[in-house]
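Be aware that the sequence shown starts at 76, since it is given in the numbering used here, and climbs by one per residue.
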Amino acid sequence: MKHFRLYLTALVAAFMAACSSMEVDDDELYTGNFPKDFVDSVYAKLHPELRTIQIRTFVSTHNDSLKEAMESDAFSEMVSKDTTAFYGDTAKLHEIFVSPLALHFSEDDWEDIWTPVVSEEDSCVTQRTYRIVNLILEKTDTAKIYVDSITFSDKGLMEIIYGKANDATTAVSKKYVVGGDSIVLMGQGNVYDSTETCTPVQHVTPGAFTLLQKGLLAFYNLYDTEDDLAKLAKAPLDLEAIAYQFVVYGRLHGWVYRPCKSNEKKNPVRPVLSPEETTSKLYCDDNGVAREIK
Numbered sequence: 076m077k078h079f080r081l082y083l084t085a086l087v088a089a090f091m092a093a094c095s096s097m098e099v100d101d102d103e104l105y106t107g108n109f110p111k112d113f114v115d116s117v118y119a120k121l122h123p124e125l126r127t128i129q130i131r132t133f134v135s136t137h138n139d140s141l142k143e144a145m146e147s148d149a150f151s152e153m154v155s156k157d158t159t160a161f162y163g164d165t166a167k168l169h170e171i172f173v174s175p176l177a178l179h180f181s182e183d184d185w186e187d188i189w190t191p192v193v194s195e196e197d198s199c200v201t202q203r204t205y206r207i208v209n210l211i212l213e214k215t216d217t218a219k220i221y222v223d224s225i226t227f228s229d230k231g232l233m234e235i236i237y238g239k240a241n242d243a244t245t246a247v248s249k250k251y252v253v254g255g256d257s258i259v260l261m262g263q264g265n266v267y268d269s270t271e272t273c274t275p276v277q278h279v280t281p282g283a284f285t286l287l288q289k290g291l292l293a294f295y296n297l298y299d300t301e302d303d304l305a306k307l308a309k310a311p312l313d314l315e316a317i318a319y320q321f322v323v324y325g326r327l328h329g330w331v332y333r334p335c336k337s338n339e340k341k342n343p344v345r346p347v348l349s350p351e352e353t354t355s356k357l358y359c360d361d362n363g364v365a366r367e368i369k
C-alpha cells in the first residue's frame with residue numbers, strides 16, 4: 076500500500092501543479108463536467124494525497140522565496156543548519172512521517188524503520204597439522220643433529236623428535252612454540268590432518284532511514300521554521316484545483332468522488348485499471364472499496 080501511495084502521489088503531481096497555476100472560470104469548470112452530487116471538499120477528503128501535493132508545492136514555493144530574498148552564502152548556511160536540525164529531530168520526523176498532511180504512513184511503517192536487521196554467517200577457522208620427515212634442524216646453540224620427524228600446527232606449537240642417526244634409543248621429544256626459539260627448518264612438509272571449525276556469528280545493523288525516505292521527508296522541511304507541521308496545517312487548500320483534477324484525471328481513471336449510499340454497497344467493485352486505461356463509469360467509496368455507481 077505504501078508503495079502505491081508513493082506512485083500515486085508522483086503520478087498526479089504534474090496534474091495538480093498545472094491545475095493550481097490555471098485560471099478557470101467557475102461556470103466553465105462545473106458545467107457538464109461533474110456529477111450533480113459532486114462536492115469538492117468531500118472528494119479532497121477521500122483523496123488526501125491531493126492535499127499533500129499542494130502542501131509540497133507550498134513548501135517548495137516558500138523555500139524558493141527565501142532563496143530569492145537572501146544572499147547566496149547566508150541562504151546556504153541557513154539550509155545546512157536547518158537540514159541538520161531537521162534530520163536530528165526524531166520526534167518531528169515521526170510526526171511528519173505519519174501525518175495525513177505529509178507522508179501519511181502508518182505507525183507500523185515507522186516501527187519497521189527502527190527494527191534492527193539481523194543476519195548470520197559462519198566464521199570458519201581451519202587448523203592443519205603438518206609432518207616433516209628426515210630433516211636437519213639447525214638450532215643456535217647446538218651442532219647439526221639428525222631429526223626423525225617434526226610436526227607442528229597452525230596455532231604455532233611444534234614438536235621435534237631428534238637424536239643420533241638411525242639410533243632410536245637416543246630419540247628425544249621436545250616441544251617449541253614457533254618463534255620462541257631460533258629454529259631453521261630445511262625441507263618440505265605435507266598436511267596429514269585438517270580440521271575446519273565454524274562458529275555462527277550474528278551481524279546486527281541498526282534501523283535507519285533509507286535515502287528514499289530521507290528524500291521524501293525533505294519535501295516537508297521549511298528552512299526557516301522549527302514547527303514545520305503547524306505551519307503546513309495552515310497552508311491554503313485550493314479546492315478548485317482539486318476539483319479540476321477530478322475533471323482532467325480522476326473521473327477518467329475511476330477515482331471515487333463520494334461515499335457509497337446504503338443501496339450501493341453491493342454494486343460491482345471497480346476493476347484494476349492501469350495508468351493508461353480510462354473509464355466512463357463513476358465510482359463511490361465503500362470503506363476503501365471502489366464500487367460502481369449505477
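Idealized CB from N, CA, C, for every residue including glycine.
Asked, Found
"Using a 10 Å radius around the Cβ and a threshold of 16 neighbouring Cβ atoms, would you call Asp115 buried or exposed?", "buried"
"Alpha carbon to alpha carbon, what distance is there between Asn362 and Ile368?", "15 Å"
"Considering only their Cβ atoms, is the gap separating Arg126 from Phe395 smaller than 8 Å?", "No answer is possible for residue 395: the residues shown for the chain start at 76 and end at 369."
"With a 10 Å radius around its C-beta and 16 neighbouring C-beta atoms as the bar for buried, classify Lys341 as buried or exposed.", "exposed"
"Secondary structure at Pro275, three-state DSSP: helix, strand or coil?", "strand"
"Which residue's Cα is closest to the Cα of Leu297: Met153, Leu121 and Lys111?", "Met153"
"Beta strand (DSSP E) containing Arg131: first to last residue?", "Taken as a continuous stretch (DSSP letters only), Arg131 belongs to no beta strand (DSSP E), being part of the alpha helix (DSSP H) at Pro123 to Ala144."
"Using beta-carbon positions only, say whether Leu348 and Gly329 come within less than 8 Å of one another.", "yes"
"So Leu357 is in the alpha helix (DSSP H); what residue range does that whole segment cover?", "It is not in any alpha helix (DSSP H) - Leu357 instead sits in the beta strand (DSSP E) that spans Leu357 to Asp361."
"Determine whether the beta carbon atoms of Glu195 and Pro281 lie at a separation below 8 Å.", "no"
"Decide yes or no for the touch test of the stretch 314-324 against the stretch 158-173: beta carbon pairs closer than 8 Å, at least 3 of them.", "no"
"Below 6 Å CB to CB, which residues in the same chain sit around Thr201 once its five sequence neighbours on both sides are set aside?", "Glu271"
"Measuring CA to CA, which of Val364, His179 and Ile188 is closest to Glu339?", "Val364"
"Within 10 Å of its beta-carbon, does Cys273 have 16 or more other beta-carbons around it, so buried, or fewer, so exposed?", "exposed"
"With H, G and I counted as helix, E and B as strand and the rest as coil, what does DSSP make of Asp115?", "helix"
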